Amino acid sequence: MTEDPTMRCGFVAVFGPPNAGKSTLVNAIVGAKVSIVTHKVQTTRGRVMGIRNIEGD
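Structure, rendered in structure tokens:
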């Protein structure tokens, strides 16, 4: 089996205080609405996971 040198993967953890924009950031990184975003405190109470595929040149 040969490895593709252009294929890379990784994980990102986002943490911070309430209402800091973590869900908004995750939605922007993933490029889709994977987490609800409101002005109410503690809207997102569980783990949110998303996948982002970026095509190379």
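Here the sequence shown stands for residues 5 to 61, numbered as in our numbering.
By construction, the Cβ of each residue, glycine as well, lies at the ideal position given by its N, Cα and C atoms.
Note that the coordinates shown come from a computational prediction; the quantities given were computed from them, not determined experimentally.
Legend entry - Buried/exposed call for Val16, threshold 16 Cβ in 10 Å: exposed
Inset, instruction - Look at the alpha carbon of Phe19 and the alpha carbon of Lys26, and state the distance between them as a whole number of angstroms. - result: 7 Å
Inset, instruction - Please classify Val45: is it buried, with 16 or more other beta-carbons within 10 angstroms of its beta-carbon, or exposed? - result: exposed
Legend entry - Length of the line joining the Cα atoms of Ala32 and His43: 17 Å
Legend entry - Limits of the unbroken alpha helix (DSSP H) element including Asn23: Where Asn23 is concerned, there is no enclosing alpha helix (DSSP H), given that its DSSP letter is neither H nor E.
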